[in-house]
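Peer 1: Protein chains in written order, with my numbering: chain A, 1 to 199; chain B, 200 to 398. After the structure tokens below, expect a handful of questions from me.
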DNA sequence: GTCTATACAAAGATAGAC
DNA sequence: GTCTATCTTTGTATAGAC
């Protein structure tokens, strides 16, 4: 049983519609507790509607899970398009790292990491989407690293794909570690990663 | 609901006693599904006893969880004492990395990572132990890195503690990623980490 | 779209017999 | 130490009214 009210959530100023609101709060729950560890009862209380109404919008929890994955995909695209507008790999990587550190402030873990951790207990339909999301993250970071090598601002051992993989796994792992460790764990790791790639 | 039989488990040749057997299979479940996602029913079927008997040994699931953490602590000490017997940091790091790659073959995630991911839903008593286990891992790897710097076989940017943090977070994150990605994800990351520290 | 009421299965836990 | 039986609470889900 989890206590959590809709009003706790920041950034829900422009409440689009109920379905979106439900998905957003579900993502919060996944980041905090994991997909398997929150119930429709928890969610209904957080949204401020009944369980029955939740089931009206998302008949099965799997339906909700899929909507969450779709939303994560959209969110990733939004971030990507913002970064694409930046001119240099230098600016791009700065944007990404600032963003990473910012995400970690809440003590919540990345929703994709959370779903990876529960990979063996989520429905197959969700597994596919989690796999897709995971792959896209790596590929995109890899591109930026390659760009930065071309610009001559990065320098590191190994190829961009391997480095992208190491960076993301480290970052995601760090968020989890920092839950059980002191607050500066995240910044230490992000700085250390930064050290590894900068000329 | 999870289907899993006791005989599936390798390495349970010397079944010490029932309590130990239960804890061992519980660790398997945590690695595969997470603490919250397996039930006493699942566990009882895997062990081959009834739920009531499980409750006899571990009245509450929290009791079982604590026993699991204790066991993980013992296991960590056993590995540590093996590594301590090795002469050089070179041998030690090789042992660790071989071990890391080996662990990852099963597709199960590190039990500590699993418990970190569920940090907000496990009992407080378990949180303390998970925090302790997390810290010890980092400190120990940090010592070895420092030793290797002294021997002149390692070379990297940043201090040993930061590097230890980056390595472990990356490794743990990689195990989770590799669930959703192809099989060579793990070896790519481990090799990349290795590249970062070797002279 | 939202509610009340209800069904049904699963999960955690206990009592008491052997 | 193990069992059967039972209890309670929770989780998922549906039916039907407004």
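Beta carbons: idealized from backbone N, C-alpha and C, even for Gly. The structure displayed is predicted, hence computed values, not measured ones.
Report the three-state DSSP secondary structure of residue 325(B) (helix, strand or coil).
Peer 2: It is helical.
Peer 1: With distances taken from CA atoms, which of 179(A), 171(A), 142(A) is nearest residue 161(A)?
Peer 2: Nearest option by C-alpha distance: 142(A).
Peer 1: Taking 8 Å as the threshold (C-beta atoms), are residue 380(B) and residue 170(A) in contact?
Peer 2: Contact flag unset, no.
Peer 1: Can you pull the DSSP bridge partners for residue 397(B)?
Peer 2: BP columns for residue 397(B) point to 353(B).
Peer 1: At a threshold of 7 Å, does residue 163(A) count as lining the ligand SAH (C-beta to nearest heavy atom)?
Peer 2: Because no ligand of any kind appears in the structure shown, any question about the ligand SAH cannot be addressed here.
Peer 1: Hey, which unbroken runs of the alpha helix (DSSP H) at 4 residues or more fall wholly within the region 67-107 of chain A?
Peer 2: Listed in chain order, they are 89-104.
Peer 1: So with Cβ pairs under 8 Å, would you call residue 145(A) a contact of chain B?
Peer 2: By this cut-off, residue 145(A) is not an interface position.
Peer 1: Using Cβ-Cβ distances below 9 Å, what residues of the region 46-78 of chain A are close to chain B?
Peer 2: For the region 46-78 of chain A, which is checked against every Cβ of chain B, not one residue is closer than 9 Å.
Peer 1: Between the region 176-194 of chain A and chain B, which residues of the former have a C-beta closer than 8 Å to a C-beta of the latter?
Peer 2: Hits within the stretch, in order: 176, 177, 179, 180, 181, 185, 188, 189, 191, 192, 193.
Peer 1: Using C-beta distances below 8 Å, list every residue in its chain close to residue 36(A), excluding the 5 sequence neighbours before and after it, in chain order.
Peer 2: So the qualifying residues of the chain are 118, 121, 122.
Peer 1: I'd like the span of the alpha helix (DSSP H) that includes residue 118(A), first residue to last.
Peer 2: That residue, residue 118(A), is in no alpha helix (DSSP H); it is neither H nor E in DSSP.
Peer 1: Please tell me whether residue 104(A) and residue 186(A) are closer than 8 Å, where the distance is taken between their beta carbons.
Peer 2: In this structure, residue 186(A) lies closer than 8 Å to residue 104(A) by Cβ.
Peer 1: What do you reckon, are the CB atoms on residue 151(A) and residue 52(A) nearer than 8 Å?
Peer 2: In this structure, residue 52(A) does not lie closer than 8 Å to residue 151(A) by Cβ.
Peer 1: Among the candidates 100(A), 46(A), 132(A), whose CA atom is the shortest distance from the CA of residue 115(A)?
Peer 2: For residue 115(A), the nearest C-alpha among the options comes from 132(A).
Peer 1: Going by the beta-carbon positions, is the gap between residue 366(B) and residue 392(B) smaller than 8 Å?
Peer 2: Yes, the pair counts as a contact, with Cβ atoms nearer than the cut-off.
Peer 1: When burial is assigned at 16 or more other CB atoms within 10 Å of the CB, is residue 378(B) buried or exposed?
Peer 2: It is buried - the Cβ of residue 378(B) has at least 16 other Cβ atoms within 10 Å.
Peer 1: Quick one, which of 189(A), 72(A), 85(A) has its alpha-carbon nearest residue 137(A)'s?
Peer 2: Per the Cα distances, 72(A).
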